[in-house]
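Engineer:
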Amino acid sequence: MRSILSRGVLALAILLPGAAHAQAGGQKVAYVNSQLILQGAPGATEAQATFQKEMEGLQAKLKTMQDSLTKLEQAFSRDADTLSSASREARVKSFTEKRQTFEEEAAKLNQQAEQRQFELMQPIMDQVRTALDDIRLEGGYSFIFDVSNSQFIVAADKNLDLTERVIAKLRTMPKAAAKPPTTGPAARPSGVQARPTRPPTR
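This is the structure:
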């Protein structure tokens, strides 16, 4: 699930220089590590396992298509010297068409993978947002910063870290229900990747 987590789906603020001044000025601030929260959130492990299992079929389909292209390329290399010019042209054309079909199908499968990953994680993300907002209100915090991907943090007061508190609150909430799979379009993911195959040279 790293592809979703690393893009900052929590939409938390990044801790920038000046936050300490806000604390001194009367605004109460704290921070969390969203990656640790998502790792410890109830249901996250199950969602990850479900995603991996469902992706096995897509990965197998891509591998079968990739292997077919590889065999065609190997056969062309083996027979190239014995082919007539017309046969060579036909083989190259056939390979190019099949490679294009493979790339189009791989893109569709990638979209399905991204959509399914989002469906599985969205209920958990919603609960994390709810827990964060509840804790912010309960504690009277003006800001809760996410330091998981911040390059500006070199040191921080651990007393301001609410990560474990958020995880504990999540464990008291009803278990998030995963959404059923859909076939709607989504952005290209990084979960399932197609390995490009070069066409045979004439």
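Position in the sequence shown counted from 1, then plus 2, gives you the numbering used here.
Note that the Cβ used here is the ideal one computed from N, Cα and C, for glycine as well.
Since the structure is predicted, the reported quantities are computational estimates derived from the model, not experimental observations.
(1) What residues are listed by DSSP as bridge partners for Ala32?
(2) What are the start and end residues of the alpha helix (DSSP H) that includes Thr98?
(3) Measuring only the C-alpha atoms, how far is His23 from Val34?
(4) Tell me, please, which residues DSSP counts as bridged to Asp81.
(5) Helix, strand or coil for Arg200? Go by DSSP, reduced to three states.
(6) Which residue wins for smallest C-alpha separation from Leu172, given the options Gln29, Lys30, Leu38, Lys110?
(7) Please list, in chain order, all residues of the same chain as Tyr143 whose beta carbon is under 7 Å from its beta carbon, the five residues on each side excluded.
(8) How do the region 43-62 and the region 119-136 stand: do at least 3 beta-carbon pairs fall below 8 Å, yes or no?
(9) Thr165 lies in the alpha helix (DSSP H); which residues open and close that run?
(10) Could you check which residue in Arg167, Ser150, Lys65 has the C-alpha nearest to that of Phe104?
(11) Whole angstroms are fine: how far does the CA of Asp128 sit from the CA of Val36?
Structural biologist: Walking through what the data contain:
(1) DSSP, once it has assigned bridges, lists Ile146 as partnering Ala32.
(2) Residues 87-141.
(3) Residue confidence is low: His23 scores 47 on pLDDT, short of 50, so the model does not pin down where it sits. Its coordinate-derived value is still stated next. Distance from the CA of His23 to the CA of Val34, rounded to the nearest whole angstrom, comes to 19 Å.
(4) For Asp81, which the question treats as bridged, DSSP gives no partner whatsoever.
(5) For Arg200, the predicted structure reports a pLDDT of 49, less than 50, and the residue's modelled location is therefore unreliable. A value from the coordinates is still provided. Coil, per DSSP.
(6) Nearest option by C-alpha distance: Leu38.
(7) Cβ neighbours of Tyr143 beyond the five flanking positions: Lys30, Val31, Ala32.
(8) Contact holds: three or more Cβ-Cβ distances are below 8 Å.
(9) Taken as a continuous stretch (DSSP letters only), the alpha helix (DSSP H) holding Thr165 covers 165-172.
(10) Looking at the Cα atoms, Lys65 is the closest of the given residues.
(11) In the sequence under discussion, the amino acid at residue 36 is Ser, which differs from the Val named in the question. Straight-line Cα distance between these residues: approximately 13 Å.
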